[in-house]
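*Asks:* Under our numbering, the sequence shown is numbered contiguously, ending at residue 543.
For glycine and all other residues, C-beta sits at the position ideal for the given N, C-alpha and C.
Quick caveat: nothing in here was measured; it's all calculated off a predicted structure.
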Amino acid sequence: MHVRINIPAWGCREYAYSLLSVLPFKTRTYTERLTKKVRKEADGRYVYLLSSGRFCIVSAIQQLGLTHPRVAVPAYVCPSVIQAIRQSQAEPVLIDVEAGSIQFDADRLKQNISDSLIDAIVAPNTYGLSQDYACLSTLNVPWIEDAAYQAGVIDDVSKRVCGLRGTAGVWSFNFKALTSVGGGVLLSREKINALETLKHPCIGPAITGRFVNYLFRSIFRTHIPVFFPGAELPQPYDLKTIRRAFMQVSAGLMSELQAAIALTQWQKREAIYAAQRRNSQIVLSAVNQSPILRLLKGQETTVMAHLFPVLLDVPKPYLADAVLRFRRILYEHSIQTETPYPVACESFTAVPNAYKLASRLILVPCNASLNEKQMKHIARTIEIASQAISRMTEHRKDNNEE
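Put into structure tokens, the structure is as follows:
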């Protein structure tokens, strides 16, 4: 067994729908059926099924009608969000995050707006942790809710699906709350004529190759041999280098194959969310018992959909070694961890909280493809790693004092 990060929670229904999506005799397309399902919960928004969540961001920014707008985005964010902002002919403005949080530093954001340096905001709910939308709603600039991690998830405050709190909302179906072969949904208050004229594409070699990849992963799950990509020994964090995959933005409408699997996941979402809730609680219990692990702001009451982020709380001189050792202990127990997003701003002094956050993060798998036994194995290993790192740091402190 080796617990990997990106494993789709697919079953027989996804396999059947994916096969049916390529057949020519359907009376209704899967894109039509998925659009109808989403519209029921979209609170009157226009619903656009697009080829990727990144293209949803591009389209949402362009719909604002601003000329080369300066768009605020948190300094700790998926690089693909920054790339999407650039592709929309906008200028990303990196705002530092609060300490121990993925949320904007509200004071810095307000100051930039007061200084007329910001025309719009993209507010990503990274890892499924929401931004401070009560604050954003008072800032008098248009803002887009990037709810990529929260497709179909109900907001506890508004009791509506996430993605409806801003000028526009974005969902992603690429290893988030629900997983298809990529694809995304744009929820817009206004009709977007440029998208109305596009046609849903035929299934090409790129999407077919990705589907075969995801299909293989979903079938073999924890039994994929470790010599396949995605099971490498953890290395020290590189917070500067951006992987090429983050720079690609697929532009167009959602394919039938993407829509078929997304529809299936939508129909199963209550069961998927229940598994994510169970898995989050198991990891949360282990983290709460650890003397060296801390939660991010707002994480106590949030269900993590795909990755469970935790912060390692050890003295700075030991931090890099402790993070690497913690991840390698998990690896020795057949648990893969994800690397944090790189920080796009090269200046540490400009966004210190983002760098501190990324350097302390440990990202543990908790997706719905993992069963209770596997999650309890992860929880036990977190306890083992916590004890080992506690001993290591105490030993080094004692040696330094001597």
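1) With respect to the alpha helix (DSSP H) encompassing Pro-220, which residues constitute its N-terminal and C-terminal limits?
2) What are the boundary residues of the alpha helix (DSSP H) that Trp-97 is part of?
3) Given 8 Å as the limit, is there contact between the stretch 397–408 and the stretch 491–498, that is, 3 or more CB pairs closer than that?
4) Just to confirm the assignment, what range does the alpha helix (DSSP H) spanning Ile-202 have?
5) DSSP has Asp-287 in a bridge; who is on the other side?
6) Nearest to Phe-467 by CA position, among Arg-306, Pro-375, Arg-419, is which residue?
7) Who pairs with Gly-325 in a beta bridge, going by DSSP?
8) Let me check one thing: in DSSP terms, what residues is Pro-233 bridge-paired to?
9) Given that a residue counts as buried once 16 or more other Cβ atoms are within 10 Å of its Cβ, and exposed if not, what is Phe-196?
10) Would you mind reading off the limits of the beta strand (DSSP E) that contains Val-451?
11) Reducing DSSP to helix, strand and coil, say where Phe-245 ends up.
12) Please list the terminal residues of the continuous beta strand (DSSP E) segment that includes Leu-502.
13) Does the beta-carbon of Cys-153 have 16 or more other beta-carbons within 10 angstroms, so that it is buried, or is it exposed?
14) Could you check how far apart the C-beta atoms of Val-199 and Ala-225 are, in whole angstroms? I think they sit under 8 Å.
15) Since I believe Leu-452 is in contact with Pro-377 (beta carbons under 8 Å), could you give me their beta-carbon distance rounded to a whole number of angstroms?
16) I'd like the list of long-range same chain contacts for His-474, defined as Cβ closer than 6 Å, with 5 residues on each side in sequence excluded.
17) So Val-311 and Glu-286 are in contact, right, with Cβ under 8 Å, and what is the actual spacing, rounded?
18) Given a threshold of 16 other Cβ atoms within 10 Å of its Cβ, counted over all protein chains shown, does Asn-281 qualify as buried or as exposed?
19) With 16 other CB atoms within 10 Å as the buried threshold, where does Thr-382 fall?
20) Inspect the beta-carbon positions of Ala-292 and Ser-313 and report whether they are closer than 8 Å.
21) Give me the Cβ distance between Ile-243 and Thr-267, rounded to the nearest whole Å; I'm assuming they're in contact under 8 Å.
22) Let me know if Arg-435 comes out buried or exposed under the rule of 16 or more other beta-carbons within 10 Å of its beta-carbon.
23) Taking all protein chains shown into account, do 16 or more other C-beta atoms lie within 10 angstroms of the C-beta of Phe-316, making it buried, or fewer, making it exposed?
24) Between Pro-432 and the ligand SAH, is the CB less than 7 Å from at least one heavy atom?
25) Under 8 Å between the Cβ atoms of Pro-220 and Ala-392?
26) Under a Cβ-count criterion, where at least 16 other Cβ atoms within 10 Å of its own Cβ denotes burial, should Cys-507 be classed as buried or exposed?
27) Restricting to Cα atoms, I'd like to know which of Ala-403, His-143, Pro-481, Glu-373 is closest to Arg-384.
28) Nearest-angstrom Cα distance between Ile-202 and Leu-235?
29) Is Glu-513 helix, strand or coil when you go by DSSP?
30) On the three-state DSSP scale, how would you describe Arg-358?
31) Over what stretch of residues does the alpha helix (DSSP H) that includes Cys-303 continue unbroken?
32) So Val-464 is in the alpha helix (DSSP H); what residue range does that whole segment cover?
33) Between Arg-174 and Asp-379, what straight-line distance do the alpha-carbon atoms span, to the nearest angstrom?
34) Please return the same chain residues whose Cβ sits closer than 7 Å to the Cβ of Gln-440, not counting the five positions on each side in sequence.
35) Under the rule that 16 or more other beta-carbon atoms within 10 Å means buried, what is Met-142, buried or exposed?
36) If we count the other Cβ atoms within 10 Å of its Cβ and call it buried at 16 or more, is Cys-343 buried or exposed?
*Replies:* For this structure:
1) 220–228
2) Limits of the chain in this structure are 142 at one end and 543 at the other, which puts residue 97 out of reach.
3) no
4) Residues 194–204.
5) Pro-265, Val-311
6) Pro-375
7) Leu-191, Ser-313
8) Val-212
9) With 16 or more Cβ atoms within 10 Å of its Cβ, Phe-196 is classed as buried.
10) 448–453
11) Three-state DSSP puts Phe-245 in a strand.
12) 502–506
13) exposed
14) 5 Å
15) Not confirmed; about 17 Å, so no contact.
16) Thr-522
17) 7 Å
18) exposed
19) Around the Cβ of Thr-382, a 10 Å sphere holds fewer than 16 other Cβ atoms; the residue is exposed.
20) yes
21) 4 Å
22) exposed
23) Counting every other CB atom within 10 Å of its CB across the protein chains shown gives Phe-316 a total of 16 or more, marking it as buried.
24) In the structure on display, the ligand SAH does not appear, and there are no ligands present to speak of.
25) For Pro-220 and Ala-392, no; Cβs fall outside 8 Å.
26) buried
27) Pro-481
28) 16 Å
29) helix
30) helix
31) It is not in any alpha helix (DSSP H) - Cys-303 carries neither H nor E in the DSSP assignment.
32) Per DSSP, Val-464 belongs to the alpha helix (DSSP H) from 457–473.
33) Answer to the nearest angstrom: the Cα atoms are 43 Å apart.
34) Leu-270
35) exposed
36) exposed
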